[in-house]
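Residue numbers (the UniProt record's numbering): 1 to 371.
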């Protein structure tokens, strides 16, 4: 498996304002007006006519950098194509999430991007959308959505994320370590990551899980901090070597607990990246040694391209995984300036860039609607 060791980074003001706008009002935006001097010859007829295209992005989870960046990526890519893109995040409220989808279904949207719809009700919602002739791309959602005709289910490559972090843990400990496992069941990405975890443990009997904790809530990092602090009382120095955190909210809580207890000899191997994560990883003596991640802004952009292809009547896959990378604390701390999600692309060649599903006609549309 190809490895990438990255320096990393902070959410832009645009992303933050986008998240706040999406929570408060749905993030309404207006249809762009194109430059008539730029030819759009060869662009699919649906877009060449200049008819309005309205897209709704609905995300179940929120309140974090990952969400802000994902929404920013989808919105920027869609607006670059001349679409009106409205975003909404339910901040973990299941009822609000489904209400937003069903309300949007009656508001004349052409396409939907659904994020983190993990329950069967999401499958029913999407079926209703499809039955109305609308196009759907779903991210990190119920795997049954891949069986709904015309829907594309995208994911971070969760198997690769878990493998990258765990292989590094095994390497650093020479395959012998007592570890704590921070994980929560019930979410498709977590199920996939857990499968890899179980396989790694079975192949490396010297890696022993001595404790585990996991809860998904509005204060996950706080609850994790308290749980890890309690664990440390049970395992004095030399009895706990590492923590595998399957979500950065877990890793942040663990890092705080280790710092407060003066136990930063216990190393953290995590998944996902955000500005807060990078700030912690860059801190001198931080326990957080590695984190595996996919650029969330790129995920939003790729999802929008897939949706555009569907609207154009072009073939799209049932599933698509975005490539994962491993971020090294050592590389991050070598940077002469603070590393964040804004400057990451300039620090790490290739990070946040992909031409996946970006067709030539999309480039023409972007030029046509370029501000």
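Ideal Cβ placement from N, Cα and C applies to all residues, glycine included.
Which residues mark the beginning and the end of the beta strand (DSSP E) in which residue i is found?
i, result
"residue 154", "152-156"
"residue 262", "Segment: none, residue 262 is in no beta strand (DSSP E) and carries neither H nor E."
"residue 111", "111-115"
"residue 292", "288-293"
"residue 182", "177-182"
"residue 326", "325-328"
"residue 139", "135-139"
"residue 387", "Here the chain has residues from 1 to 371 only, and residue 387 is not among them."
"residue 56", "54-59"
"residue 38", "From DSSP, residue 38 is part of no beta strand (DSSP E); its letter is neither H nor E."
"residue 244", "242-245"
From which residue to which residue does the alpha helix (DSSP H) around residue i run?
i, result
"residue 103", "94-105"
"residue 305", "296-311"
"residue 383", "Past the edges of the chain, shown from 1 to 371, lies residue 383, and the structure says nothing about it."
"residue 321", "It is not in any alpha helix (DSSP H) - residue 321 instead sits in the beta strand (DSSP E) that spans 319-322."
"residue 280", "275-282"
"residue 120", "120-131"
"residue 70", "65-80"
"residue 47", "45-48"
"residue 85", "No alpha helix (DSSP H) holds residue 85; the beta strand (DSSP E) holding it covers 84-89."
"residue 194", "188-203"
Does the Cβ-Cβ distance between residue i and residue j come in under 9 Å?
i, j, result
"residue 272", "residue 255", "no"
"residue 232", "residue 263", "yes"
"residue 363", "residue 329", "no"
"residue 282", "residue 335", "yes"
"residue 383", "residue 275", "A query on residue 383 cannot be resolved here, the shown segment of the chain reaching from 1 to 371 and no further."
"residue 157", "residue 323", "yes"
"residue 90", "residue 74", "no"
"residue 178", "residue 246", "no"
"residue 287", "residue 327", "no"
"residue 111", "residue 54", "yes"
"residue 372", "residue 115", "Residue 372 lies beyond the range of the chain shown here (1 to 371); nothing can be said about it."
"residue 109", "residue 125", "no"
"residue 212", "residue 181", "yes"
"residue 113", "residue 307", "yes"
"residue 309", "residue 359", "yes"
"residue 312", "residue 83", "no"
"residue 227", "residue 260", "no"
"residue 224", "residue 215", "yes"
"residue 104", "residue 144", "no"
"residue 38", "residue 315", "no"
So residue i and residue j are in contact, right, with Cβ under 8 Å, and what is the actual spacing, rounded?
i, j, result
"residue 361", "residue 43", "5 Å"
"residue 300", "residue 72", "7 Å"
"residue 186", "residue 222", "No, residue 186 and residue 222 are not in contact; Cβ-Cβ is about 20 Å, not under 8 Å."
"residue 80", "residue 369", "6 Å"
"residue 190", "residue 196", "Contact doesn't hold; Cβ gap of about 11 Å is too wide."
"residue 317", "residue 152", "6 Å"
What does the Cβ neighbour count give for residue i, buried or exposed, with the cut at 16 atoms within 10 Å?
i, result
"residue 107", "exposed"
"residue 26", "Residue placement at residue 26 is poorly supported in this model, since its pLDDT is 49, which falls under 50; the coordinates are not used for a value here."
"residue 140", "buried"
"residue 217", "exposed"
"residue 371", "exposed"
"residue 51", "exposed"
"residue 142", "buried"
"residue 176", "exposed"
"residue 332", "buried"
"residue 49", "exposed"
"residue 78", "buried"
"residue 357", "buried"
"residue 202", "exposed"
"residue 355", "exposed"
"residue 350", "exposed"
"residue 23", "Here residue 23 scores only 45 on pLDDT, less than 50, and its place in the model should not be relied on; the value that follows carries that caveat. The residue is buried, with at least 16 neighbouring Cβ atoms inside 10 Å."
"residue 325", "buried"
At least three beta-carbon pairs within less than 8 Å, the segment 161-170 to the segment 199-209: yes
Meets three-Cβ-pair contact criterion under 8 Å: the segment 96-103 and the segment 52-68: yes
Inter-stretch contact (C-beta, 8 Å, three-pair minimum) for the segment 225-239 and the segment 152-165: no
Meets three-Cβ-pair contact criterion under 8 Å: the segment 279-295 and the segment 152-162: yes
Sufficient close CB pairs (3 or more, under 8 Å) joining the segment 331-345 to the segment 105-120: In short, these stretches do not touch, since the Cβ pair count stays below three.
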